[in-house]
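Please read the structure below before turning to the comments.
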Amino acid sequence: MKISLRFTSIMLVLCCASLPAFAGNAVTGRVINATSHQPSGGDQVLLLRLEEGMQEESRGVSDAMGNFSLPMNEPGASHVVRVIHQGVNYDQRLTAASSLEMQVFDSVPRVPGLSGTVGMAQIESDGATLKVTEMYDIANVSQPPVTQVGPRNFEFSIASGAMLESFQARKAGGVWLNLNSVSVPGSTNRYAVDFPIRPGDTLFRFT
């Protein structure tokens, strides 16, 4: 199922997780599949340093019980732990706490009942150009929780003669991510974005 809106659209990242643990110069934790409520073994786990973007510091693989341990070379830096499960990234900012539990979700091509609401519409003009920015909140309340994934997961249209300036998405409470959209073959002024819709709320904004 593609989520489509005229002159608008949809998509995003849900970073789900809990609390990180420091054991000496290592980050330890566990990956839980929140769809099956079972440990998630065999997932790639990365420690990313937030320095001029995201720099990979170390990586490993969760064991059969979902446990992992990642060497930390620069304890004083800001870090994000990333788990890659079925091709989807799940990120969690590292904080000083007692344990880290990363939640991931199974991927499916279609989530029934996805819904969206208009969060904002903004219009600006410099006298020669009209700039329209629209934002939408897409709710994935699937039970059990799953992530929708597909090459044309999100489609949107803009007015005839208009030019797409930017497309962004973020999870509720997260940061905006710049995304690339592609033209839908055989359509005019219609675009698609390959971006997973994780459980929870996702905000999409384009100008």
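Residue numbering for the sequence shown follows my numbering, beginning at 472 and increasing consecutively.
For every residue, glycine included, the Cβ atom is placed at its ideal position computed from N, Cα and C.
Being a predicted model, the structure only gives us computed values, none of them experimental.
With contacts defined as CB atoms closer than 8 Å, M543 and Y561 fail to qualify as a contacting pair. Selection E636, G531, A643 and V582 evaluated against Y607 yields A643 as nearest (Cα-Cα). Contact between L585 and V552 is absent: CB atoms are separated by about 28 Å, not below the 8 Å threshold. Counting along the chain, the unbroken beta strand (DSSP E) around F625 starts and ends at F625 to S628. Boundaries of the beta strand (DSSP E) harbouring N538: N538 to P542, taken from the DSSP string.
No residue range can be given for Q557, since it is assigned to no beta strand (DSSP E) and is classified by DSSP as neither H nor E. DSSP places M606 in the uninterrupted beta strand (DSSP E) bounded by L601 to N611. Cβ-Cβ distances below 6 Å link R661 to S628 and V655 in the same chain, with the five nearest sequence neighbours on each side left out; the list follows chain order. Taking all protein chains in view, the Cβ of T588 is surrounded by fewer than 16 other Cβ atoms within 10 Å, so the residue is classified as exposed.
Of all alpha-carbon atoms in F576, F666, P616 and G500, the one lying nearest the alpha-carbon of A567 is that of G500. D672 sits close to A610, with the two beta carbons spaced by under 8 Å. Judged by their CB atoms, V620 and P580 are nearer to each other than the 8 Å cut-off. When the beta-carbon positions are compared, S652 and F638 come within less than 8 Å of each other.
Apart from the 5 residues on each side of it in sequence, S511 sits with its Cβ closer than 7 Å to the Cβ of V502, I503, N504, S533, G537, H556 and V575 in its chain, given in chain order. In this structure, DSSP gives R669 a state outside helix and strand, which the three-state scheme calls coil. In this model, A630 and V646 are separated by some 28 Å (Cα to Cα).
The C-beta separation of V516 from F539 comes to about 5 Å, placing the pair in contact by the 8 Å criterion. In the displayed model, E527 falls within a strand according to three-state DSSP. With fewer than 16 other Cβ atoms from the protein chains shown falling within 10 Å of its own Cβ, H508 counts as exposed.
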